[in-house]
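These notes concern the structure reproduced below.
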Amino acid sequence: MNLEIRAAVARATRSVIPLWPLSSFIAVNPLGAQESEDFDQAATTRPRTAFLADYRSARITDRDLLVAARQRMPELAGAGSVCLGEREWTAAELVTTELVHADHHGTPPTPTGQPDLVDDLVSIWIAAYLDPHPLWPMPQRERGPWAAWTALVRYDPRLPAVARRRLRDLPGTPDAGLARALALLGVPAGDTETILRRETQRLPGWAAHIKWRSDRVGDIDVTSYLAIRLTLRWALDLPVLSSMATPQPESATVWDRAQALTAVLTDAPASGETLAQVARILGLHSPQAHAFTWQAAYEEHYRRQLLLSLDNTNTNTNTVKPSAQVVMCIDVRSEGIRRHLEADPTIETYGFAGFFGIPIRFAHYEARGSIDALPALLSARHSVTETTTDLPRSRRRTRALRLRDAFAAGVHASESVPAAPFALAETLGWFHGAGTLLRTLWPSAAHAVTRLHHRSTPALATRVTVADAFPLDERVALAETGLRMMGLDAFAPLIVLAAHGSTSSNNMYQSALDCGACGGNPGAANARAAAANFNDPEVRRLLADRGFSIPDTSYFVAAEHNTMSDRIDIVDQHLIPDSHTTAVQNFRGGQSVAADLLVSERAAQLPGARRHSLTRVRQRAHDWAEVYPELGLAGNSAMIIGPRDMTRGVDLQRRVFLHSYRPECDPDGSALETIMTAPLVVAQWINHQYYFSAVDQDRWGAGTKTVHNAIGTMGVLSGQTGDLQAGLPLQSIAVGDRALHEPLRLSVLIQAPLDRIGTIISRNQVLRHLFDNNWITLTARNDQTSAWFRYSAYGWTSASHLDTTP
Amino acid sequence: MDSLTKMIRIEIVIPGREAASVRDLITSAGATGYTSVSGVSGLGHHGPHSGALLFNDYDTLTMLITVLPPEKALALINALRQLLEGGPGVMFVADTYVSRPEYFA
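From first to last, the protein sequence lines stand for chains A and B. Per the working numbering, the first sequence starts with residue 466, numbered consecutively. Per the working numbering, the second sequence starts with residue 56, numbered consecutively.
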């Protein structure tokens, strides 16, 4: 019986997408488990009023609506036309006219559920159990959540006495506890899964985090969580949750719709035959489809502008031999710095997932913990650390760090002793007060003090131990895959692998600004490992056998692009050979100019930064009151997979994920398959997280940062209790009522042979789901001179055909 | 075969993202171990599956194989049937024979 309940739990929570902790905040599609359904069936869009406002401002045009209607309903092409008033109206025109003039938006109302006592109690208990650094650790925590809870709950003063009595004698395992609670609540066996699903939906944030924690840490599972919930429900004499089905809005009949539309288009009364014709056409476009046709039109407008901008690129731009090649993450923020770096015609840039093909668990030299610096799609299999030859300095550094940690831990521990705060205020209060004043009034000065403080620990020259972690053949395979994926087969003297990270103060969403391909961490470790791999003579020797001859005169350096300051810092400088120091110096000079230009450009959009000097914009990183240190990936809307020639010289406004790809470097298509099944999937996750946080902040966002309370580094509550907040905070997608992010589904553009793309999609279910079910769109062309084609579940359609204006 | 002990072998092919639930059931059923093969390719009810996902364990197919005594197998089979119902994934059940039964009991 218990095993079947576990199976019911697994089924009931199948649609719950794991929620990563804040320390490694990974963007995910909150509806990822529903990608096997059509986007129209599973998702939602903006309200009609928002689309109408865009229509009035020409952000959405009649042409966009027509293209969207034809794309979504190919049958409109054969549905004929109707003569109304003084002109003939095509089926597509009738459908789009109705969109503008009638309110049949058809978006189902958001299901709402008022928190009940079980929700309140469970949030408190689970938070107490999972808090990694509580002032008072939960007794018996080591026995697991069910055992710890059953041992303590009978003393919970928030519960009535009768409930506490009921909770005295509970089974020893969560499985048995859940089975008993279901039996006592009188849940029929056939309803178990439904009831469990409803319970899970009550606190979706906690359920999602528990699912992540169950897989990655293993100290709690969903069965325990549900056992606690159902047991509390029984003890409090609360009924099992009734159906959460929400009433669907009633739609007008197709005849009502035809009459209403006819009245808009002509003053003369329409004949019964005409009305029947109109009704037949409108019947092809149900009210439930209206919202998504608006959405498609909204996206069509953007996509057409994007395609037009690419048509104007000059294919013969770069005939100069490059002095440096810079490989940056596909992150949309890289587009800006790449564009400015390329003002120097001797610099070539490439886009590649920011872990540079080296998925690692990384620990700094003598660090106590490690980070999983790899995409969330992967599990860590290789551990990499640092080594140093400067042992005396490393001993001094380790001693200094430990002393600093011990002092901080001592202060923190003393804060939790009841009487200590009084003594602490007397002794350390002055220092804290002065520090607080400094951070509030002069954030930059506070940052300077912090830097001085850190200088007390001598910098250590280390190198990553990638060769110890991976066997040689695997390192060669990873290097070859990386080169094929980014289409790099001619090598400049200097090749910069620029990972990225961000700097901000008092920002619980800091890791959301770091590299998603590196597990929500800054990516320097991966860049260092990749550079070490590419510079290894043994790897180069074997790569030459596979067709990639990296000259001895070419050297890879690791770097990190700070997306707050836009500076690119070279790391592992001590490893750079004398032969390349001049090239590195030249690159430093060039990136400094590019960084200033980009910060100036960003300041025009960054809330509150418009009149700031570059210095002041950068100082926002150290301001603990600043809720907009940078814009992150707000605005992301497209992904382009192809050579840089496609986009070089075009201002893509930091909205596009750019992954380099050249079919000639990928004879069997495996590199494109890897790009489409990994970086593209991650870009889609990011895009959908922004999309859903923007279209329904209450349901899929995290609310405003200003009332967030952190539970360790695990997550935030909005206020002091309740559900763990999922998704992005309001400040990632809007400024008050003004949107920073346009919720557009990802427009994927690929330049590669169409038959190759089609074959890859056909053999990968993840891609079939995404493209066939309209979660993202795909437009592709064979090469730079070919026409664009739009992919659908029925095959390729000429994009120019769709764009034909009637 | 006389010197061998009869056991039940259960193989499950399931999307990688759902493999954790299957592993959980296997261990809860008292199986002493399982074998996991990721990157499984083939053709199934939902169309072809490429096993060549280099940087994606999440969307790849996984095959889990476990062997356990018949008295433990039935409950696991029932639970797995329930888990797989209406979703992706297939299960194969077969008699098998092992030389060291204490490894699986």
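We put the beta carbon where it would ideally sit given N, CA and C, even for glycine.
Margin query: Between which two residues does the beta strand (DSSP E) holding M1104/A run?
Written below: For M1104/A, the uninterrupted beta strand (DSSP E) segment begins and ends at A1103 to I1106.
Notebook entry, point to check: Along the stretch 100 to 122 of chain B, what residues have a CB closer than 8 Å to any CB found in chain A?
Noted result: Result list: H101, G102, P103, H104, S105, A107, L108, L109, F110, N111, D112, Y113 and D114.
Check: For V1181/A, does the three-state DSSP call read helix, strand or coil?
Finding: Correct three-state label for V1181/A: strand.
Notebook entry, point to check: Among A818/A, E558/A, P810/A and G1260/A, which has the Cα closest to the Cα of V792/A?
Noted result: Out of A818/A, E558/A, P810/A and G1260/A, A818/A has the C-alpha closest to the C-alpha of V792/A.
Margin query: Any beta carbon of chain B sitting closer than 8 Å to that of E469/A?
Written below: Answer yes: the Cβ-Cβ gap between E469/A and chain B drops below 8 Å somewhere.
Note to self: Looking at chain B, is there any beta carbon in it that lies within less than 8 Å of the beta carbon of D680/A?
What the structure shows: Yes - at least one Cβ of chain B is within 8 Å of the one on D680/A.
Checklist line | Interface partners of D79/B on chain A, CB under 8 Å | finding: Those within 8 Å of D79/B in chain A are R471, A475 and D686.
Next item on the list: State the beta-bridge partners of W1261/A as determined by DSSP.
Entry: For W1261/A, which the question treats as bridged, DSSP gives the partners Y1256/A.
Margin query: One question on the structure: do A1099/A and S1197/A come within less than 8 Å of each other, judged by their Cβ atoms?
Written below: Yes, these two residues count as a Cβ contact at 8 Å.
Check: Where A533/A and A1090/A are concerned, what is the direct C-alpha to C-alpha distance, given to the nearest angstrom?
Finding: In this structure, the CA atom of A533/A is about 43 Å from the CA atom of A1090/A.
Note to self: Helix, strand or coil for M1141/A? Go by DSSP, reduced to three states.
What the structure shows: DSSP places M1141/A in helix when its eight states are reduced to three.
Notebook entry, point to check: Are M950/A and T1139/A closer than 8 Å when you measure CB to CB?
Noted result: Yes; because the gap between Cβ atoms is below 8 Å, this pair is in contact.
Check: V1242/A and V1213/A: beta carbons closer than 8 Å?
Finding: Before going further, note that residue 1242/A is Thr rather than Val in the sequence given. Yes, the Cβ-Cβ distance between T1242/A and V1213/A is below 8 Å.
Item checked: CB-CB length for H766/A against V560/A, believed under 8 Å -> Actually they do not touch by this definition, with Cβ atoms about 17 Å apart.
Next item on the list: Note down, in chain order, every chain A residue with its Cβ under 8 Å from the Cβ of G142/B.
Entry: Simply R476 and R479.
Item checked: Secondary structure of H101/B, DSSP reduced to three states -> Coil at H101/B, not helix or strand.
Notebook entry, point to check: Closer than 8 Å, CB to CB, is S76/B near chain A or not?
Noted result: Yes, contact with chain A.
Checklist line | Spatial neighbours of Y815/A in its chain, beta-carbon cut-off 8 Å, leaving aside the 5 residues before and after | finding: Within the same chain, Y815/A has close Cβ partners Q790, V791, V792, M793, M951, G952, L953, R1109 and S1125.
Notebook entry, point to check: Which residues in chain A sit within 7 Å of L131/B, going by Cβ to Cβ distance?
Noted result: Correct list: L468.
Note to self: Quick check on the DSSP output: the beta strand (DSSP E) that includes V92/B runs from which residue to which?
What the structure shows: Looking at the DSSP string, the run of the beta strand (DSSP E) that includes V92/B is T90 to V95.
Notebook entry, point to check: List, in order along the chain, the chain A residues whose C-beta lies closer than 8 Å to that of A128/B?
Noted result: Under the 8 Å cutoff, chain A gives no residues; its nearest Cβ is about 11 Å from A128/B.
Next item on the list: Quick one: grab the DSSP three-state call for R64/B.
Entry: Shown here, R64/B sits in a strand according to DSSP, grouped into three states.
Next item on the list: Compare the beta carbon distance of D796/A and C980/A with 8 Å and say whether it is the shorter of the two.
Entry: Inclusion of D796/A and C980/A in the CB contact set at 8 Å is warranted, their separation being smaller than that value.
Check: Once you ignore the five residues that flank R826/A on each side, which residues in its own chain have a CB closer than 6 Å to its CB?
Finding: Excluding residues within five positions, the ones whose Cβ falls inside 6 Å are S835, D837, A845 and S848.
Check: Taking only beta-carbon atoms, is N494/A less than 8 Å away from chain B?
Finding: No - not a single Cβ of chain B is within 8 Å of the one on N494/A.
Check: If we count the other Cβ atoms within 10 Å of its Cβ and call it buried at 16 or more, is R136/B buried or exposed?
Finding: Flag for R136/B reads exposed.
Margin query: If you measure between the beta carbons of T570/A and A756/A, is that distance less than 8 Å?
Written below: Checking the displayed sequence, the identity of residue 570/A turns out to be His instead of Thr. For the pair H570/A and A756/A, the CB atoms are nearer than the 8 Å cut-off.
Note to self: With distance defined between alpha-carbon atoms, name the residue in H100/B, D112/B and G102/B nearest to S91/B.
What the structure shows: The shortest C-alpha to C-alpha distance from S91/B to any of H100/B, D112/B and G102/B is the one to D112/B.
Next item on the list: Alpha carbon to alpha carbon, how far is W1253/A from R1221/A? Give it in angstroms, no decimals.
Entry: Answer to the nearest angstrom: the Cα atoms are 15 Å apart.
Note to self: Can you look up Y763/A in the DSSP assignment and give me helix, strand or coil?
What the structure shows: Of the three classes helix, strand and coil, the one that applies to Y763/A here is helix, per DSSP.
Checklist line | Boundaries of the alpha helix (DSSP H) in which G85/B is found, first to last residue | finding: Careful: G85/B lies outside any alpha helix (DSSP H) and carries neither H nor E.
Next item on the list: Using a Cβ cut-off of 7 Å, pull out every chain B residue sitting near T946/A, in sequence order please.
Entry: Against chain B, a Cβ distance below 7 Å from T946/A picks out L109.
Item checked: Test: L138/B CB closer than 8 Å to a CB of chain A -> By this cut-off, L138/B is an interface position.
Note to self: Does A944/A pass the burial test, meaning 16 or more other C-beta atoms within 10 Å, or should it be called exposed?
What the structure shows: Counting Cβ neighbours within 10 Å, A944/A comes out buried, since at least 16 surround it.
Margin query: Which same chain residues end up closer than 8 Å to T1269/A when comparing Cβ atoms and leaving out the 5 residues on each side of it in sequence?
Written below: No answer about T1269/A holds up, because its pLDDT of 46 lies below 50 and its placement is not dependable.
Note to self: Between F821/A and N991/A, how many whole angstroms is the CB-CB distance? I'm expecting something under 8 Å.
What the structure shows: With 8 Å as the limit, F821/A and N991/A qualify as a contact, their Cβ atoms being about 5 Å apart.
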